[in-house]
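Heads up, the thing below is written out as structure tokens.
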Amino acid sequence: MYGPQDYILFFLALALFLGGLALLGTIIEWQENRKAKRQERQLHRLNRREDSHRRHANYLAQMQEVLESVEGRKGA
Numbered sequence: 035m036y037g038p039q040d041y042i043l044f045f046l047a048l049a050l051f052l053g054g055l056a057l058l059g060t061i062i063e064w065q066e067n068r069k070a071k072r073q074e075r076q077l078h079r080l081n082r083r084e085d086s087h088r089r090h091a092n093y094l095a096q097m098q099e100v101l102e103s104v105e106g107r108k109g110a
């Protein structure tokens with residue numbers, strides 16, 4: 035038959051096992067959160083870069099229009 039110490043050891047082992055599972059779940063959740071934040075930052079940087087390129091293209095188009103209008107006045 036099992037004595038009181040055996041039951042205590044069993045429940046202690048069970049508690050340690052469940053604690054380990056909880057810790058593993060927490061670690062996995064942290065990794066997923068870090069991955070999601072990293073992807074979010076990459077998307078934010080990509081959007082900023084695209085906005086910068088779009089603004090630069092608009093600026094170049096405006097300067098081209100100004101140049102064409104100045105050249106048109108010279109020819110008139």
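Numbering (the working numbering) for the sequence shown: 35 to 110. Even glycine gets a Cβ: it sits at the ideal position worked out from N, Cα and C.
Return helix, strand or coil for residue i, following the three-state DSSP convention.
| i | result |
| --- | --- |
| TYR41 | helix |
| TYR36 | coil |
Excluding the 5 residues preceding and the 5 following residue i in the sequence, name in chain order all residues of the same chain whose CB lies nearer than 6 Å to its CB.
| i | result |
| --- | --- |
| ALA56 | none |
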